[in-house]
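Heads up, the thing below is written out as structure tokens.
Residue numbers (my numbering), protein chains in the order written: chain A, 148 to 440; chain B, 52 to 318; chain C, 9 to 431.
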């Protein structure tokens, strides 16, 4: 009886084995190897040679690394808040289920469904200065119509613009968050005489803040990889490094230059920067702790 | 009442139109004849309207094969993900509070690691065991449920299951596996559909993995197929758009079929 | 009980589908780059080989873009699973040679009964010698030429380029050929299409009497800021910035110069022999090639790629059989007939397969006449990065985002560290 009970207690862990094993093999192990290789010179062929801090010293003086990092940070600064605002606004707009909301919600999620490569290609078309539909539309509105992906100043904003349409995940999370706010809270506020803005700032926003923080953190982390496909397909990092993001830098350092050691060093730095950003975000929001939700 | 709704309805319709635009332009451009000079102003419907781009993509590349490969890879990925993620989520829901908290923290931490920091060393590891250029390399994440988010989705669903049901099933002599299969999963249909859809998109869209791993053209999936096409004819927009449409339609189809489970999650 | 069976069945099924790999029944794999028309050339070659050697099937792997091809090759080398036969340019093979990733083909060539080293142009072979050992077998001795649209020249009433035409002649022709046909303020037809990169600028630098690096054999820096080199760069950049005979950035983004040439909207296009199969197939107008216009002196730039055998290949003898075939008189004749190469075998280069005037370009002799004046770029293990970085700076200069001297100096300064960085 005792051994049966014990095996019963252990069985849930058995169910967790693929997950935990996978996490070990696919996350912990590569992370560990990254850490080790960052201190070696390794061309991928041949054997790694220990070189201590040399890779990090190289990275410190490597102009391309800083350009890539700054570009990634600029992207985060522009894209993350805008995407969050967009997702929030749309979630608020479509939070009440009506007959038409089904269609509206599906429309909002639709661009998110388009595969990354196809999405990058269609935006290359839309942003094309002569063939694409965006510039003629801007011109009729009297707005400036730059050459987007061909201009150093506009290429990064162009990629940010494209990312603004793919806010499906944030949208869904915030819909769920809004759903969790009990109606009674709203009713009580209305009884107290609160107007819509007050309701929003005093009730909705605070109750949504765990979700908002979760989304910002997730978006920041994702930004370090989600820029790879657009940069690779649309501009290959150009024009003149305007869209040269960190994941592309890592990829080219390793496979163009055959410098796996340096690439690993950059990967480690990316990881550290990500942690710093997450900590910063938590501090900004005055530390909302983890809870069951 | 209805009149005050008008601005909101108009805004909603405008937004809907806006979000449909990318897909619309993809289709519209795919019907354009290649090689023509730029249009004057916005050309909503191209004239002349041609369908030849769609046949051409199958002529210059084994595009049909790429579609099949993408389908197989996504199929395997989804099947494995549903199994591993639901098992993990179920297991997690049965544990005590401390263990659950630790696992939640672990999942949150895993979510925090940018994949960029793992690509290349995953590649090296797979290279060291000689498993690059294989489908295994593409579906490897499915072993761990593809994403901690999916585990959490199942976990939240199973937490809602009345523990009494599980207890009585145990007393009836059912093994946990049977409970998982016969009781928990049927109750988790929305989660199954949501994770099914999200994981399908995860594998269907995956660009970096086939780019890094695949050498044999017989294994190529659509994302790298699209890249190949772009490299062959970089400014032949209609051709590239046609290929994009072919790649996007199944994703949109899966979305259309399963979107209710995701967008109406809590209803 | 049944549950477990179902679970196992799912996992087993998934594993089977996953493990199903393409079988490679005792043959070899051959990785190529280029347009579909170029691919067709290699398909013809492979078909001929398979007829002669039915027991050696060849799997063709096609990676269209050159940069993608290099990344794919690098990834495969790291994974230990490169194709058995690969094509590498002389400017790009050094990193692999230095790591010992390539099997030197010199010994195989010495034992061959079909071909020997003296059958090849020495200018094509020398760059592929690393530490005095021949690593790869060059398939061509191509160089940069000017493709021109004869119909557009006729329409403008201009004579076709002469063999000894100069920079000034070239510029004058380009200006006459740049036209706004429908008078809407936008140029519809450009005189010139040329890529803003180091390998396109280099011949101009040599023609002006300048040098690209300090010592070819052991370069330590780019030297493109000498007075003569500046003259060359100023002329090169002025094609776009001053005379506007080449498309500006907007126009190039909308439609790249090569497509523009193929669609008949650009009169002259600078390219190596690589373009011929595509132009034969897609250009609807009459065209030919002219030598590079001359500066102070004549100079051409070597474009050569070669068949290489990765050391990790498990089918070295079979791979060599294919490489030998591809570079035999028979193999090179097949490839030459499709227009893709300027054959590196002297006999084939001087045969009708290459020189036949009824196959475009009629003036193929131009490629052979350039050979005595050909310069090769240095072979250096970091050359890819040096070229990429320098080209980025030259790109800015070409599109007027900075003045020529600044572009050149930045190119030199940013690439300096890569000459000595030992990785």
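Cβ coordinates follow ideal geometry from the N, Cα and C atoms, glycine included.
Taking DSSP as the reference, what is the three-state secondary structure of residue 311/C?
Along the third chain, read from residue 1 onward, the residue named residue 311/C stands at position 303. DSSP places residue 311/C in strand when its eight states are reduced to three.
I want to verify the contact list: residues of chain A whose CB lies under 8 Å from the CB of residue 258/C, in sequence order.
In the third chain, the residue the question calls residue 258/C occupies position 250. What residue 258/C touches in chain A: 276, 277, 294, 297.
9 Å Cβ cutoff met for residue 277/B and residue 264/A:
On the second chain, position 226 is the one that residue 277/B refers to. On the first chain, position 117 is the one that residue 264/A refers to. Yes. Within cutoff.
Would you please state the rounded distance, in angstroms, between the beta carbons of residue 312/B and residue 244/B? I believe it to be under 8 Å.
As a working note, residue 312/B is residue 261 in the second chain. As a working note, residue 244/B is residue 193 in the second chain. Correct: roughly 3 Å between the Cβ atoms.
For residue 37/C and chain B, any beta-carbon pair shorter than 9 Å?
Numbered from 1 along the third chain, position 29 holds the residue referred to as residue 37/C. The Cβ of residue 37/C sits closer than 9 Å to at least one Cβ of chain B.
How many angstroms separate the CA atom of residue 111/C from the CA atom of residue 143/C?
By one-based count along the third chain, residue 111/C stands at place 103. By one-based count along the third chain, residue 143/C stands at place 135. Going from the Cα of residue 111/C to the Cα of residue 143/C covers about 7 Å.
Do you know how far the Cα of residue 242/B is from the Cα of residue 51/B?
An answer regarding residue 51/B cannot be provided, because it is not within the stretch 52 to 318 covered by chain B.
Quick check on this structure: which residue in 50/C, 173/C, 322/C has the alpha carbon closest to the alpha carbon of residue 304/C?
Taking the third chain and counting its residues from 1, the one referred to as residue 304/C is at position 296. Checked all of 50/C, 173/C, 322/C; the closest Cα to residue 304/C is 173/C.
Pull up the CB-CB distance for residue 420/A and residue 397/A, whole angstroms please, since I reckon it's below 8 Å.
As a working note, residue 420/A is residue 273 in the first chain. As a working note, residue 397/A is residue 250 in the first chain. Residue 420/A to residue 397/A, Cβ: 13 Å. No contact.
If the criterion is Cβ atoms closer than 9 Å, does the pair residue 215/A and residue 310/A meet it?
On the first chain, position 68 is the one that residue 215/A refers to. On the first chain, position 163 is the one that residue 310/A refers to. No, these two residues do not count as a Cβ contact at 9 Å.
Where do the N-terminal and C-terminal ends of the alpha helix (DSSP H) with residue 176/C fall, by residue?
The residue given as residue 176/C occupies position 168 in the third chain. Counting along the chain, the alpha helix (DSSP H) containing residue 176/C begins and ends at 175-185.
Can you list, in chain order, the residues of its chain with a C-beta nearer than 7 Å to that of residue 22/B? Leave out the 5 residues immediately preceding and following it.
In this structure chain B extends from 52 to 318, so residue 22/B is not present and cannot be described.
Give the straight-line distance between the Cα atoms of residue 217/C and residue 301/C, rounded to the nearest whole angstrom.
Your numbering for residue 217/C matches position 209 in the third chain. Your numbering for residue 301/C matches position 293 in the third chain. Residue 217/C and residue 301/C: Cα-Cα distance of roughly 14 Å.
Out of curiosity, what's the CA-to-CA distance linking residue 52/B and residue 134/B?
Start at 1 with the first residue of the second chain, and residue 52/B comes out as number 1. Start at 1 with the first residue of the second chain, and residue 134/B comes out as number 83. In this predicted model, residue 52/B has a pLDDT of only 44, less than 50, meaning its place in the structure is not dependable; the value taken from the coordinates is given anyway. Using only the alpha carbons, I get a separation of about 49 Å.
For residue 256/A, which of helix, strand or coil comes out of DSSP?
For the purposes of this step, residue 256/A is identified with residue 109 of the first chain, where counting begins at 1. Reduced to three states, the DSSP call for residue 256/A is helix.
Taking the alpha carbon of residue 338/C as the point to measure from, which residue in 55/C, 387/C, 38/C, 422/C has its own alpha carbon closest?
If you number the third chain from 1, residue 338/C lands on position 330. Of 55/C, 387/C, 38/C, 422/C, the residue nearest in Cα terms is 55/C.
Which same chain residues, not among the five before or five after residue 229/A, have their C-beta less than 8 Å away from its C-beta?
Here residue 229/A refers to the residue found at position 82 of the first chain. Within the same chain, residue 229/A has close Cβ partners 307, 311.
Does residue 125/C come out as helix, strand or coil in the three-state DSSP assignment?
As a first step, residue 125/C is located in the third chain; it is residue number 117 there, counting from the start. Residue state, collapsed to three classes: helix.
Whole-number beta carbon distance between residue 288/C and residue 347/C, since they are thought to touch under 8 Å
Within the third chain, residue 347/C is the residue found at index 339, counting from 1. Within the third chain, residue 288/C is the residue found at index 280, counting from 1. Contact holds; Cβ gap of about 6 Å.
Length of the line joining the Cα atoms of residue 244/A and residue 314/B:
Working through the first chain from its first residue, we reach residue 244/A at position 97. Working through the second chain from its first residue, we reach residue 314/B at position 263. Each residue's Cα considered, the two are about 11 Å apart.
Just to make sure I have the definition right: I need the residues of chain C whose C-beta is within less than 8 Å of the C-beta of residue 193/A. Which are they?
Reading the first chain from its first residue, position 46 is the one you call residue 193/A. Ordered by position in chain C, the residues that pass the 8 Å Cβ test against residue 193/A are 107, 108.
With DSSP collapsed to three states, give me the class of residue 206/B.
Here residue 206/B is taken as the residue at index 155 of the second chain, counted from 1. Note: residue 206/B maps to helix in three-state DSSP.
Looking only at C-alpha atoms, which of 287/A, 273/A, 218/A sits nearest to residue 296/A?
Translated into the one-based positions of the first chain, residue 296/A becomes position 149. Checking every option, the nearest Cα to that of residue 296/A belongs to 273/A.
Between which two residues does the alpha helix (DSSP H) containing residue 248/B stretch?
Sequence index remark: in the second chain, residue 248/B carries index 197 (1-based). Start and end: 240-256.
Ordered list of alpha helix (DSSP H) runs contained in the segment 208-235 of chain A, each at least 4 residues
none
Relative to chain B, which residues along the segment 300-330 of chain C have a C-beta separation below 9 Å, given in chain order?
Of all residues in the segment 300-330 of chain C, none places a beta-carbon less than 9 Å from a beta-carbon of chain B.
Counting only Cβ pairs nearer than 7 Å, list the residues of chain C close to residue 286/B.
Within the second chain, residue 286/B is the residue found at index 235, counting from 1. Here the neighbours are 263, 264, 267.
Coil, strand or helix - residue 345/A by DSSP
Here residue 345/A refers to the residue found at position 198 when the first chain is read from its first residue. If DSSP states are grouped into helix, strand and coil, residue 345/A belongs with the helices.
Residue 392/C versus residue 404/A: straight-line alpha-carbon distance, rounded:
Walking along the third chain from the start, residue 392/C turns up at place 384. Walking along the first chain from the start, residue 404/A turns up at place 257. Distance between the alpha carbons of residue 392/C and residue 404/A is about 8 Å.
By the three-class DSSP mapping on this structure, what secondary structure does residue 202/A have?
Residue mapping note: residue 202/A aligns to position 55 of the first chain, counting from 1. The answer is helix: DSSP assigns residue 202/A an H, G or I state.
Which residues share a DSSP beta bridge with residue 197/A?
The residue given as residue 197/A occupies position 50 in the first chain. Its beta-bridge partners are 187/A.
Which residue's Cα is closest to the Cα of residue 132/B: 160/B, 71/B, 97/B, 190/B?
In the second chain, residue 132/B corresponds to position 81, counting from 1. The residue among 160/B, 71/B, 97/B, 190/B with its C-alpha nearest the C-alpha of residue 132/B is 190/B.
Using a Cβ-Cβ cut-off of 9 Å, state whether residue 203/C counts as contacting chain B.
Within the third chain, the letter at position 195 stands for residue 203/C. So, not an interface residue.
Applying the criterion that 16 or more other CB atoms from any shown protein chain within 10 Å of the CB defines a buried residue, is residue 252/A buried or exposed?
Stepping through the first chain from its first residue, residue 252/A is reached at position 105. It is buried - the Cβ of residue 252/A has at least 16 other Cβ atoms within 10 Å.
Taking only the alpha-carbon atoms, compute the straight-line gap between residue 196/B and residue 239/B and give it to the nearest angstrom.
As a working note, residue 196/B is residue 145 in the second chain. As a working note, residue 239/B is residue 188 in the second chain. C-alpha separation (whole angstroms): 16 Å.
Using CA coordinates, which residue listed in 321/A, 186/A, 269/A is at the minimum distance from residue 297/B?
Within the second chain, residue 297/B is the residue found at index 246, counting from 1. When each option's Cα is compared against that of residue 297/B, the closest is 269/A.
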